[in-house]
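To start, the structure itself, in structure tokens.
Residue numbers (full-length UniProt numbering): 1 to 572.
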């Protein structure tokens, strides 16, 4: 192995190890991992110990990292999530983009930047931190709340603006207004072409492909990666940017029932490439570039934090949201996002800005992202403190739309003959029944049935959140893993939970975790279950019946006196 190859491998290894350590520290301190990735580049790069320099391999992986960041952005964009509140969300997103751009330009001019620099700063600081906001709200189980849905909706619109901005910056430095307009027109035309192919594939091709691939999770993962690279290749071939192709690839997958599971499967590899990308940005900086405008960065953070709060809160309030929703939705949207670094790096590459401006944007992101994480985590405590001062603004007729896809429903984990018959029994007791299932052979049957259906494994947080376990009235789980069942019970504290177990030790652990009823599922048949559930209204009778049934299961006694079915025929 040549010396330069050894150095290359060593640099890459140091970068990955440092990113891993700092990501772990970020997790312990509840910080976004993106902050850890940027700090990795600062620590091991020229600003820090100077032991890693950006080389060709890191540059290539960083470019893929930007592509996968946009792919992850696209796969998060499910339009059905905001269809009930699309009008107020669009008004907030459009108003925020314009007013924040004006405010950012004014602040930058006030701080002494030129008009062109101010416009570039405004462009970079207008967008929300989609991955961070979605992650923090997901950890708080707030994605299904009204303010969470509105925030996600606003971010979807902002992401569309972001892709347009990336397309415009990708045009590069050209001479003359006519040439600029022609190049921008060409970019949008080609984007539209790839977008049309993406839309048609999502409707006619991808469902069949993913249905065939879903039986094997490794194949599903490979198909997802291949789909992303196919669009990256198409974009490169048409002289578009990698990130536009990746975004449209993710957008096509997002509209399918497999998207949640696919996203979880692909997250580790996307996080790997994203880590390289953000670390590479910091590797390009010198200390004088990062601190060239440090005083201006601190002042800008303070001014924009206050100005943007009033802008976003006013927009929420103007759309007739109540004070609590307006406040909680606002403080989730105030940080300078990681996309300021994305746009800044691209603008620097195209020679639109100097290194000092990228350092200014990086410093703003490093200041606002860590602090914003904490005030999003503790947003309800903050609201409780300021509520007395805001109550006088409360409307008499706030908007009442609560866009939760599933509400007052039953969640059934695992599809089998037992749970299918259970769904028939529960039909009259709840408004809707939602199945969580990750076995491909049941996809067609569940899609044709009159039930909600989420394709995915219940161990994934995004899958559980999509089912809105917190709002469920009944939880039934036939999952094989005790740790998954315990997490399901924790996520559905108000639901009547009926959990299947195979051993006494599992049964004991589940009861300790808060499960209302644990059923030893040996020989438990649908006919018995129907009479069993009829006792739900009489809890004492229900518990006596459950105890007797579990005793029979332990002893291997006949399941019911009138059952003539051979043993095991209806076993779960």
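Here a beta-carbon is modelled for each residue, glycine too, at the ideal position from N, C-alpha and C.
Remember, predicted model here, so these are calculated numbers, not experimental data.
- Residue 24 carries a helical assignment under DSSP once its states are collapsed to helix, strand and coil.
- Apart from sequence neighbours up to five positions away, the residues of its chain that approach residue 454 with a beta-carbon distance below 8 Å are 257, 260, 434, 435, 436, 437, 463, 466 and 467, ordered along the chain.
- Of the residues 355, 182 and 200, the one whose Cα lies closest to the Cα of residue 285 is 355.
- Put simply, the backbone Cα of residue 271 is about 31 Å away from that of residue 381.
- Residue ranges of uninterrupted alpha helix (DSSP H) with 4 or more members, entirely inside the region 85 to 153 and ordered along the chain, are 86 to 110, 115 to 124 and 130 to 139.
- Taking a contact to require three or more Cβ pairs closer than 8 Å, the region 496 to 505 and the region 476 to 487 qualify as touching.
- Going by beta carbons, residue 100 and residue 357 fall outside the 8 Å limit.
- By the beta-carbon neighbour count (other beta carbons within 10 angstroms, threshold 16), residue 227 is buried.
- In its chain, beyond the 5 residues on either side, 11, 14 and 44 have a beta carbon closer than 8 Å to the beta carbon of residue 51.
- In the three-state scheme derived from DSSP, where H, G and I count as helix and E and B as strand, residue 353 is classed as coil.
- In this model, residue 119 and residue 488 are separated by some 48 Å (Cα to Cα).
- For the pair residue 125 and residue 365, the Cα-to-Cα distance works out to about 9 Å.
- Remark: three or more beta-carbon pairs, one from each stretch, lie closer than 8 Å, so the region 31 to 38 and the region 15 to 23 are flagged as touching.
- Counted as a single uninterrupted DSSP element, the stretch harbouring residue 435 is not any alpha helix (DSSP H) but the beta strand (DSSP E) occupying residues 432 to 437.
- Counting the other Cβ atoms within 10 Å of the Cβ of residue 406 gives 16 or more, which makes it buried.
- For secondary structure counted as the alpha helix (DSSP H) over 4 or more consecutive residues, the region 351 to 390 holds these complete runs in sequence order: 355 to 377 and 379 to 390.
- Taking the CA atoms as reference points, residue 68 sits about 17 Å from residue 164.
- In the pairwise beta carbon analysis, the region 369 to 384 is classified as not touching the region 187 to 207: fewer than three pairs are separated by under 8 Å.
- Positions of the beta strand (DSSP E) runs, each at least 3 residues long and wholly inside the region 453 to 494, are given as 474 to 477 in order along the chain.
- Residue range 517 to 520 is occupied by the beta strand (DSSP E) that includes residue 520.
- Sixteen is the threshold: when 16 or more other Cβ atoms of the shown chains lie within 10 Å of the Cβ of residue 234, as they do, the residue is buried.
- For residue 336, there is no enclosing alpha helix (DSSP H), as DSSP marks it with neither H nor E.
- For the pair residue 349 and residue 107, the Cα-to-Cα distance works out to about 25 Å.
- The Cβ neighbour count for residue 326, taken over all protein chains shown within 10 Å, is at least 16; the residue is labelled buried.
- Residue 330 places its beta carbon less than 8 Å from that of residue 309.
- Between the region 127 to 134 and the region 336 to 350 there are three or more inter-stretch CB-CB distances shorter than 8 Å, so the stretches are counted as touching.
- In the DSSP annotation of this structure, the continuous segment of the alpha helix (DSSP H) that includes residue 298 starts and ends at 294 to 318.
- The beta carbon of residue 458 lies closer than 7 Å to those of 413, 436, 464, 479, 484 and 488 in the same chain, with the five residues before and after it left out.
- A direct Cα-Cα distance of roughly 42 Å separates residue 112 from residue 268.
- Residues of the same chain with a CB within less than 7 Å of the CB of residue 248, apart from the 5 flanking positions on each side, are 74, 194, 195, 198 and 231 in chain order.
- Annotation for residue 449: no alpha helix (DSSP H) segment contains it, and DSSP assigns it neither H nor E.
- In the three-state reduction of the DSSP assignment, residue 498 falls in the strand class, which pools E and B.
- By the Cβ neighbour-count rule, residue 289 is buried, with 16 or more other Cβ atoms within 10 Å of its own.
- For the options 274, 300, 393 and 375, the alpha carbon positioned closest to that of residue 324 is the one of 393.
- Residue 410 is bridged by DSSP to 433 and 474.
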